[in-house]
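> Next up is a structure, given as structure tokens.
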Amino acid sequence: MMKLDECLELLYKGQLLPEATIRALSYKLKEMLVQQSNVIHISTPVTVVGDIHGQFHDLLEIFHIGGPVPNTNYLFLGDYVDRGLYSVETITLLMVLKLRYPNRIHLLRGNHESRQITQSYGFYTECLNKYGGNSKVWNYLTDFFDYLVLCCIIDDELFCVHGGLSPNVQTIDQIRIIDRFREIPHDGAMADLVWSDPEDNPIIDPTATSEGFYYEPSQHFQVSPRGAGYTFGRSVVEKFLQLNNMSRIYRAHQLCNEGFQIYFDGLVTTVWSAPNYCYRCGNKASILELYSKDVYYFNVFEEAPENKSLNEGSTTKVIQEYFNNDNNISSSQLSLMDGFEAMEESMDLFSDAYQARSAASRKVEYFL
Amino acid sequence: MLPPNPHSQPRFTPVQQTDFDALGCKLASISHGYLPPQIKDFNDTNITSLYENYNQLYQEFHAHLKPCLSRRLASKLNTTIAHSLPVMNIGTYLRTVSIDFTIIQYIHQLNNSPFQIVNLGSGTDLRAFHYLPQYANLTKFIDVDYPISLDFKSRAIDGSSYLTSFSTSRYSMVPWDLSKGSLIDILIANGIDVAIPTIFITECVMCYLEDSVANQLIQTIKANFLHGLWISYDPIAYSENDRFIAMMNSNLIELRNLSMPTLLKYNSIDKYSNRWVSVFDNLIAYKILSLWDFYMEKLSNVGKLRLKNLQFLDEIEELKLMQSHYILLSIRW
């Protein structure tokens, strides 16, 4: 207990935990989670949080506006890592909170809690950058991801999952029998639960009448425009809810300009909790405060006033400053370049870790 | 030949540096397999013959560019190529292919009669090197840009016998500053015939110009060239309250010291296209669409699937948001 509180103190200040600590946390959590069903049951009051994507300052902001753990109960819908610059800080804070207050915070698995996705979308690179080329931090954390539960039912009637529904799942029992302790597969029920989306635009009916095209919502699952999963319409949702005696679905997974998005007269709602996503989308975010199953509030917020960088080693800081100044190279800054080159001599320029370091000061990207 | 001393590297302005972003993005898009387009990417048009030597061209160029780069810039390019995200790679694909797609359709209706291409603010773009071999009736291809940018580009080209073999008399690099006058004179001096249909490309160029300079450019070209096609690719705002654009504007200024003087002024597709439409009273047709619309309408399902599977695209909303905020205008007169 004491050690967890020490960890929390460091984490709330934005500091990184040692690799050995992360290894221990992963093991402890796997021990806890292996006993849990794929489907967990919790009660209101609880605050539901959508995608965070490494936006650590915004996670702290969520605890400010929603109340700290354990004063407030939280259900996180997944996607803790990738895209933002502080995925490691984000996931480790949530892990320590889960160990410290196991009944006050619950974590679902998102499609980004995966080895494959995190290699393309930034988490792998961030682990390399912060812990060095020889570290196993990414391995420990992605191993831990395999143990995250898949969905949650609140008050026996609110179904919560990261993505959405699956054509391979009609009943909750079918979710319970999935073997979840693995990398997210490309297809099948487990993939669909973390990848699917509610139908945004009903499909155009190609056999339109002479009045012109009319839109008809689909009766079945449709292939998703994403890499995996399906899209599902209202009637699929109604069937699922009726069969399983539930009233609504809460999920995340899709960027929402206003922080949340309601579909099908409230049968499905998306909660999105990463404001100004990737520092360029300009979107709002929200957390859903559920007081009881029928009394709730979407607490909408915008991007946190950010500290420009969290506590980092002095070497990284100097490199960051150097890259931040790359617009202003001039003869008066030769001394900075000299200093940089002196430092470079002790660094392998072609290593993954070095390349990843420059990625840490990655600028916001546009087509220029 | 000794590699240049990085301490004596020429100093590029923030606008000139955007060429390196574009180059990095293009190399990344090629390295991950998005570019060049494949035969089934489009429903009704096959443009792949234009890209026959594409990979080799850019590989050669990149290889011969490396000795000219400072370590900082080389590292920046390598980072972009290695870590480029799917949303960026697809966006680069769309940007590149939509321009070529539009040009090819124009060229086809010329029925082999002679034409010219002027690539304004070309940077390190290598379009000349795959257009010239493809079209015998392309009598002249001119890249126009700042002296420093063209000098940088030619150092890489000169180092490669493969690349210099493309430098026929039909190709010229014209160093010039778009904000100064007498563009027409210098184009004519480099072999341009104002009576022949001429294609003008401004790929992320107009957005960096002051309003008066941009208008002047449009007026000048209209006044001097009898027939042609102008293709312009730029970011666009949709209203005064466009949050994505407001964020873009402040990010670029804060992080890159880069300003886009007309970005917030022409905050609708009509306002943007009207800059040309109000000047070209002799226009035959014009079209303006967002790159998201291009993605949805022009790419086949096979093409969309191919792009998505290259790197496991997750962020379709983000792709839509970004691509909706870039437009392609084509105007024929």
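Those sequence lines, one after another, are chains A and B. Note that the working numbering has the first sequence beginning at 1444, numbered continuously upward. Note that the working numbering has the second sequence beginning at 132, numbered continuously upward. Think of the CB as a built atom: it goes at the ideal place given N, C-alpha and C, for glycine as much as any other residue. What you are looking at is a predicted structure, and each value in this text was computed from that prediction instead of being measured.
(1) According to DSSP, what are the bridge partners of TYR1740(A)?
(2) Ignore the nearest five residues each way along the sequence and tell me which others in GLY155(B)'s own chain have a CB closer than 6 angstroms to its CB.
(3) Ignore the nearest five residues each way along the sequence and tell me which others in LYS1682(A)'s own chain have a CB closer than 6 angstroms to its CB.
(4) Go ahead and pull the three-state DSSP assignment for THR1614(A).
(5) Which residues of chain A have a Cβ atom closer than 8 angstroms to the Cβ of TYR457(B), listed in chain order?
(6) Can you tell me which of PRO1488(A), ILE1618(A), MET1633(A), LYS1573(A) puts its alpha carbon nearest to the alpha carbon of VAL1598(A)?
(7) To the nearest angstrom, how far is it from the Cα of ASP324(B) to the Cα of PRO1718(A)?
(8) Output needed for ASN184(B): all residues of its chain with C-beta closer than 7 angstroms, excluding positions within five of it in sequence on either side, in chain order.
(9) Taking C-beta to C-beta, are TRP361(B) and PHE331(B) nearer than 8 angstroms?
(10) Looking only at its own chain, which residues have a Cβ that is under 6 angstroms from the Cβ of GLU334(B), when we skip the five neighbours before and after it?
(11) Could you check the C-alpha separation between PRO145(B) and LEU389(B) for me, to the nearest Å?
(12) Would you kindly check if the distance between the Cβ of ASN220(B) and the Cβ of SER160(B) is under 8 angstroms?
(13) On the DSSP bridge list, what partners appear for ASP282(B)?
(14) Using beta carbons (cut-off 8 angstroms, strictly below), is HIS193(B) in contact with chain A?
(15) With a threshold of 8 angstroms between beta-carbons, can TYR1574(A) be considered close to chain B, or not?
(16) What three-state label does DSSP hand ASN250(B) in the structure shown?
(17) Between ASN1481(A) and ILE1621(A), how many whole angstroms is the CB-CB distance? I'm expecting something under 8 angstroms.
(18) For ILE447(B), go through chain A and note every residue whose CB falls closer than 8 angstroms to its CB, in chain order.
(19) Please name the residues in the segment 212-242 of chain B whose beta-carbon is closer than 8 angstroms to at least one beta-carbon of chain A, in chain order.
(20) On the premise that VAL336(B) lies in contact with LEU251(B), defined as a C-beta separation below 8 angstroms, what is that separation, rounded to the nearest angstrom?
(21) Compute the distance between the beta-carbons of PHE1741(A) and GLY1709(A), then report whether it is under 8 angstroms.
(22) If TYR165(B) and LEU438(B) are in contact, beta carbons under 8 angstroms, what's the gap, nearest whole angstrom?
(23) Would you please state the rounded distance, in angstroms, between the beta carbons of VAL1604(A) and LEU1593(A)? I believe it to be under 8 angstroms.
(24) Contact criterion: CB-CB distance below 8 angstroms. Does ALA377(B) meet it with respect to chain A?
(25) So, for PHE143(B): in the same chain, excluding its five sequence neighbours on each side, which residues have a beta-carbon less than 7 angstroms away from its beta-carbon?
(26) Per DSSP, MET219(B) is paired with what?
(27) Around the Cβ of PHE1675(A), are there at least 16 other Cβ atoms within 10 angstroms (buried) or fewer (exposed)?
(28) Could you tell me which residues DSSP pairs with GLN1704(A) in its beta bridges?
(29) Taking the beta carbon of TYR1765(A) as the centre, do at least 16 other beta carbons fall within 10 Å, making it buried, or is it exposed?
(30) On the three-state DSSP scale, how would you describe PHE1683(A)?
(31) Since LEU196(B) contacts ALA287(B) with CB under 8 angstroms, what's their CB separation in whole angstroms?
(32) Check whether the Cβ of GLN1478(A) lies closer than 8 angstroms to any Cβ atom in chain B.
(33) Let's test the definition: count the other Cβ atoms within 10 Å of the Cβ of VAL1477(A) and tell me whether it reaches 16, buried, or not, exposed.
(34) What alpha helix (DSSP H) runs, 4 residues minimum, are completely inside the segment 336-394 of chain B?
(35) For TYR302(B), which of helix, strand or coil comes out of DSSP?
(36) What three-state label does DSSP hand SER455(B) in the structure shown?
According to the data block:
(1) Translated into the one-based positions of the first sequence, residue 1740(A) becomes position 297. In DSSP, TYR1740(A) forms a bridge with GLU1732(A).
(2) Residue 155(B) sits at position 24 when you count from the first residue of the second sequence. LEU208, THR211.
(3) Numbered from its first residue, the first sequence carries residue 1682(A) at position 239. Hits under 6 angstroms: none found.
(4) The residue labelled residue 1614(A) in the question sits at position 171 within the first sequence. Coil.
(5) Counted from its first residue, the second sequence places residue 457(B) at position 326. Per Cβ cutoff of 8 angstroms: PHE1810.
(6) Translated into the one-based positions of the first sequence, residue 1598(A) becomes position 155. Note that residue 1598(A) is Asp in the sequence shown here, rather than Val. The option with the nearest alpha carbon to ASP1598(A) is PRO1488(A).
(7) Here residue 324(B) refers to the residue found at position 193 when the second sequence is read from its first residue. Here residue 1718(A) refers to the residue found at position 275 when the first sequence is read from its first residue. Between the C-alpha atoms of ASP324(B) and PRO1718(A) there is a straight-line separation of about 53 angstroms.
(8) Taking the second sequence and counting its residues from 1, one reaches residue 184(B) at position 53. Excluding sequence neighbours, ASN184(B) sits near HIS261.
(9) To locate residue 361(B), count along the second sequence from 1; it is residue 230. To locate residue 331(B), count along the second sequence from 1; it is residue 200. The answer is yes: Cβ separation under 8 angstroms.
(10) Numbered from 1 along the second sequence, position 203 holds the residue referred to as residue 334(B). Answer for GLU334(B): TYR364, listed in chain order.
(11) The residue given as residue 145(B) occupies position 14 in the second sequence. The residue given as residue 389(B) occupies position 258 in the second sequence. So the two alpha carbons sit approximately 6 angstroms from each other.
(12) Locating residue 160(B) in the second sequence gives position 29, where the first residue counts as 1. Locating residue 220(B) in the second sequence gives position 89, where the first residue counts as 1. Yes. Within cutoff.
(13) For the purposes of this step, residue 282(B) is identified with residue 151 of the second sequence, where counting begins at 1. Its beta-bridge partners do not exist; DSSP assigns none.
(14) Reading the second sequence from its first residue, position 62 is the one you call residue 193(B). For HIS193(B), the answer is no, since every Cβ of chain A falls outside 8 angstroms of its Cβ.
(15) The residue you call residue 1574(A) lines up with position 131 of the first sequence. Answer no: the Cβ-Cβ gap between TYR1574(A) and chain B never drops below 8 angstroms.
(16) Numbered from its first residue, the second sequence carries residue 250(B) at position 119. Correct three-state label for ASN250(B): strand.
(17) As a working mapping, residue 1481(A) is identified with position 38 in the first sequence. As a working mapping, residue 1621(A) is identified with position 178 in the first sequence. About 6 angstroms; that satisfies the 8 angstroms criterion.
(18) In the second sequence, counting from the first residue as 1, residue 447(B) sits at position 316. ILE447(B) reaches chain A at PRO1668, ARG1669, counting residues in chain order whose Cβ is nearer than 8 angstroms.
(19) Residues ALA213, HIS214, LEU216, PRO217, MET219, GLY222, THR223, ARG226.
(20) The residue labelled residue 251(B) in the question sits at position 120 within the second sequence. The residue labelled residue 336(B) in the question sits at position 205 within the second sequence. Right, the Cβ-Cβ distance comes to about 6 angstroms (below 8 angstroms), so this counts as a contact.
(21) As a working note, residue 1741(A) is residue 298 in the first sequence. As a working note, residue 1709(A) is residue 266 in the first sequence. Their beta carbons are not under 8 angstroms apart, which means PHE1741(A) does not touch GLY1709(A) by this criterion.
(22) As a working mapping, residue 165(B) is identified with position 34 in the second sequence. As a working mapping, residue 438(B) is identified with position 307 in the second sequence. 6 angstroms between Cβ atoms; contact.
(23) To locate residue 1604(A), count along the first sequence from 1; it is residue 161. To locate residue 1593(A), count along the first sequence from 1; it is residue 150. Yes, VAL1604(A) and LEU1593(A) are in contact; Cβ-Cβ is about 7 angstroms, under 8 angstroms.
(24) Taking the first residue of the second sequence as position 1, residue 377(B) is located at position 246. Closer than 8 angstroms: yes.
(25) On the second sequence, residue 143(B) is found 12 positions in, with the first residue counted as 1. Once the five neighbours on either side are set aside, the close Cβ partners of PHE143(B) are ILE279.
(26) Here residue 219(B) corresponds to residue number 88 of the second sequence, with the count starting at 1. Note: MET219(B) sits in no beta bridge, so no partner.
(27) Along the first sequence, one-based indexing puts residue 1675(A) at 232. PHE1675(A) is buried by the Cβ-count criterion.
(28) For the purposes of this step, residue 1704(A) is taken as residue 261 along the first sequence, with counting starting at 1. Bridge partners of GLN1704(A): THR1713(A).
(29) Your numbering for residue 1765(A) matches position 322 in the first sequence. The predicted model places TYR1765(A) with a pLDDT of 39, which falls under 50 and marks its position as unreliable; any figure quoted below should be read in that light. It counts as buried.
(30) Translated into the one-based positions of the first sequence, residue 1683(A) becomes position 240. Three-state DSSP puts PHE1683(A) in a helix.
(31) Reading the second sequence from its first residue, position 65 is the one you call residue 196(B). Reading the second sequence from its first residue, position 156 is the one you call residue 287(B). Right, their Cβ atoms sit about 4 angstroms apart.
(32) Within the first sequence, numbered from 1, the residue matching residue 1478(A) stands at position 35. Output row for GLN1478(A): interface = no.
(33) Within the first sequence, numbered from 1, the residue matching residue 1477(A) stands at position 34. Exposed, since its Cβ has fewer than 16 Cβ neighbours within 10 Å.
(34) 342-355, 374-387
(35) As a position in the second sequence, residue 302(B) is number 171, starting the count at 1. Here TYR302(B) sits in strand by DSSP.
(36) Within the second sequence, numbered from 1, the residue matching residue 455(B) stands at position 324. DSSP places SER455(B) in helix when its eight states are reduced to three.
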